[in-house]
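Heads up, our numbering is the position in the sequence shown plus 586, with the first residue counted as 1. Notes to accompany the following structure.
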Amino acid sequence: MQITGPDGKPKAFQDGTPLGVIAQSYKQLYSSPVALGVVNGQPQPLQLCPQDGDHVTFYPLDSEQGYRSYIATFQFALIAAMNRRRPEIQLEVENTFGHGLFCSVKNKIFLSKYDLEDVTHCMEEMIRDQEPVQIRQLSRDEARSYVKPQFFQDEAPLLDALPEDYRINLYGVGDRFAYSVMPLLPNLGCLKAFELVWMGSGILLRYGRQDQLDRLEPYVERKKLAAVYAQSEKMGQVMHCPTVAALNQYIREGNSRGIIQMCEAYHEKSIARIADEIDADGRNVRLVLIAGPSSSGKTTFSQRLAVQMRVNGLRPIPISLDNYFKEREQTPRLPDGSYDFESIEALDTELFNEHMERLLRDETVEIPYFNFKTGHREYRGQKVYLGDDGVLVVEGIHGMNEKLSARVRRRNKLKIYISALTPLSFDDYNRIPTTDMRLLRRMVRDSQFRSHDARQTIQNWHKVRQGEERNIFPFSEEADIMFNTTLIYELAVFKKYACPLLEQIPRDAAEYPVARNFLDMLQIVESIDDKAIPNNSIIREFIGHSIFGDLL
């Protein structure tokens, strides 16, 4: 057979040659070992064989998609090891904590530290023995009848949601097979450093960073993030909607309006509570700092919080951090010579702290205006005075970084971290990554309001994520309050907006495999009518018709 390789040139291989063998002919093109193949734009495991005439390329381990396959293989190894040592334990893969994956014990059976050590040793043996990951390609109906006796029943509704002609890859270690949304690595010997940590109701599987798989970062407990995750999961249980299959059932039965109303009521109740906390304790809070990653819904949250603050008799005063940029010649630069506007060193934190101190002393302060065209600070007469009822509200990526407001006493400020943590999953073993939901939000918003196509958004996403890893996520535990903006129903809303955008990306584009992953994900979800969504909803920030309009 003849395939077109990642170098764009045709090359002959024997019929039935798997992708993993073909990859050896191109390993000089990649900076790390190959993790998965891409056949005609479709991500595929290295165990599969391409056909004559196929276009083939690869993702290395140090790529975003390669790293995802690495993590998916690690979680599969944990599930297989648990099944060998404690087969009565039912794990549910829930969410990430830094460079770790939290798996709850769904059937609430206690695990001792000796159990964890035993499972750890089992995983180490599997990795040392380079146990192969088997693969079986089946039709939807074949897979459905196959997985039921293999694992728990929660997988069956997911398979039912797939198109009838869909070919499904089932993966197995030993004699147990399950479905994985991400292609898995060919054997467990590819896995490097790991650690299992008991976290109250489950196990945290820790693994190396994308750029250093063979060693672990120091363990940092994230109690606040764990609490907001737990609250999100609880909300999914209250609504009886923890999975895509459950959401689909609600939609098919005509109950989507009820889900929308419950989600929106929960958000409104939570925002009102935060406003009450700002108003409590003799009104000591005079500065509210709001931060969060891209497309987490910070702007709509800020506007809704301001409304609730006014209900309590407070006067929210928005302050834009954009106006505290340093003069252009003082702005730090990235290694490529471009300006690093996302660094906290690009902000004049000294001036910001001075202004906050003066405002808290009841002085009148003229706030600067930063002219991005000239790169210089100007003063245009914008004067601010707090008074008895004023509360400064600052939204920006560095809000949680103590350096930004170091000279403001802790009791006079409240830090709110905005996240978009997805409680919805496909099934017990296939979660929906939070970053995917944020990218989907950004994709739709960029198309609606910024005239960017989906391809541009996907191209820029890597830089956005790098900035978040550097400037936002390390400071999340500094927050006094965490607010999750995700709505259980939003995937069903985004379907009709995102699919046409993703389908415009050509099959030979570098961004197509990411688009293909999204299209495969969205085809499982039933679409929902967005007419019932209120005009102050977080989701309106992305799909349009928000009551906050020009403020977004």
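By construction, the Cβ of each residue, glycine as well, lies at the ideal position given by its N, Cα and C atoms.
Nearest to residue i (by Cα), restricted to the options the options
i	options	result
Gly591	Ile1044, Phe696 and Asn626	Asn626
Ser611	Gly602, Asp593 and Val624	Asp593
Met1023	Asp1039, Thr1072 and Leu802	Thr1072
Ser618	Glu650, Met587, Asp640 and Val642	Glu650
Val767	Phe696, Ser787, Ile657 and Ala779	Ile657
Leu756	Phe1069, Asn1016, Leu1108 and Lys969	Asn1016
Tyr805	Thr1021, Glu750, Gln1042 and Leu791	Leu791
Pro673	Val620, His826, Gln889 and Val705	Val705
Glu1076	Gly1053, Ala1040, Arg1126 and Ala663	Arg1126
Ala1084	Arg944, Ile1074, Arg654 and Arg1102	Arg1102
Glu787	Val897, Phe660 and Leu697	Correcting the residue type first, residue 787 is Ser in the shown sequence and not Glu. Nearest C-alpha to Ser787: Leu697.
Tyr700	Ala729, Leu782, Arg753 and Tyr752	Leu782
Ala892	Phe1134, Arg808, Val624 and His641	Phe1134
His641	Tyr653, Gln588 and Ala1040	Gln588
Arg762	Ala747, Leu664 and Gln835	Leu664
Gly652	Leu833, Ile1129, Val1100 and Pro1086	Val1100
Asn669	Arg654, Thr643, Leu702 and Pro1086	Leu702
Leu945	Lys999, Phe1061, Val814 and Leu833	Lys999
Anticipated Cβ contact below 8 angstroms, residue i with residue j, distance rounded
i	j	result
Lys820	Ala1065	Wrong, their Cβ atoms sit about 19 angstroms apart, outside the cutoff.
Pro828	Ser1005	Rounded, the Cβ-Cβ distance is 19 angstroms, inconsistent with contact.
Pro769	Gly606	With 8 angstroms as the limit, Pro769 and Gly606 do not qualify as a contact, their Cβ atoms being about 11 angstroms apart.
Gly775	Ile713	6 angstroms
Gln621	Leu647	For the sequence presented, residue 621 should be read as Ala rather than Gln. Contact holds; Cβ gap of about 5 angstroms.
Gly840	Glu928	At roughly 45 angstroms, the Cβ-Cβ gap does not stay under 8 angstroms, so Gly840 and Glu928 are not in contact.
Ile905	Ile953	7 angstroms
Tyr955	Glu964	5 angstroms
Leu748	Ile1018	Their Cβ separation, rounded to whole angstroms, is 16 angstroms, which puts Leu748 and Ile1018 out of contact at 8 angstroms.
Leu833	Phe660	About 27 angstroms; that fails the 8 angstroms criterion.
Arg726	Ile754	6 angstroms
Phe1104	Arg1027	Actually they are not in contact, since the Cβ atoms of Phe1104 and Arg1027 sit about 12 angstroms apart, beyond 8 angstroms.
Buried versus exposed call for residue i [16 or more other C-beta atoms within 10 Å across all chains shown]
i	result
Pro1009	buried
Ser1132	buried
Ser881	buried
Ser818	buried
Trp784	exposed
Pro629	buried
Arg1036	exposed
His707	exposed
Glu678	buried
Asp1014	buried
Ala866	exposed
Gly822	buried
Arg838	exposed
Thr960	exposed
Asp1094	exposed
Leu920	exposed
Phe958	exposed
Asn870	exposed
Asp934	buried
Glu710	exposed
Asn1070	buried
DSSP bridge partner residues for residue i (one or two, in chain order)
i	result
Tyr925	Arg919
Lys597	Ile589
Ser1011	Thr829 and Arg1017
Ser906	Glu981
Gln651	Gln651 pairs with nothing; no bridge assigned.
Val642	Val625
Trp1170	Residue numbering for the chain in the displayed model covers 587 to 1138; residue 1170 lies beyond these limits and cannot be assessed.
Arg722	Leu756
Glu952	Lys969
Ala877	Tyr1003
Cys708	Paired residues: none, contrary to the question.
Leu933	Phe911
Arg762	Val759
Gln630	Gly623
Leu790	Phe688 and Val783
Leu677	Val691
Contact with chain C by residue i, beta-carbon distance below 7 angstroms
i	result
Leu770	Of the protein chains in the structure, only one exists, and it is not chain C.
beta-carbon residue i near the ligand NAD non-hydrogen atom, thresh 6 angstroms
i	result
Asp797	Judged by which ligands are present, the structure shown has none, so any question about the ligand NAD falls away.
Exercise. Between the region 846 to 861 and the region 972 to 980, do at least 3 Cβ pairs fall closer than 8 angstroms?
Worked result: no
Problem set entry | Touch test, the region 718 to 735 against the region 678 to 686, Cβ-Cβ under 8 angstroms, three pairs minimum | no
Problem set entry | Touch test, the region 896 to 915 against the region 1045 to 1059, Cβ-Cβ under 8 angstroms, three pairs minimum | no
Problem set entry | Cβ contact (3+ pairs, closer than 8 angstroms) linking the region 794 to 811 and the region 1077 to 1091 | no
Exercise. Hey, is the region 1116 to 1125 in contact with the region 1042 to 1053, meaning 3+ C-beta pairs nearer than 8 angstroms?
Worked result: no
Exercise. Any contact of the region 629 to 648 with the region 690 to 702, i.e. 3+ C-beta pairs under 8 angstroms?
Worked result: no
For this session: Report yes or no: do the region 873 to 893 and the region 977 to 997 share at least 3 C-beta pairs separated by less than 8 angstroms?
Result: yes
Exercise. Is the region 990 to 1005 touching the region 931 to 940 in the sense that three or more CB pairs, one from each, lie closer than 8 angstroms?
Worked result: yes
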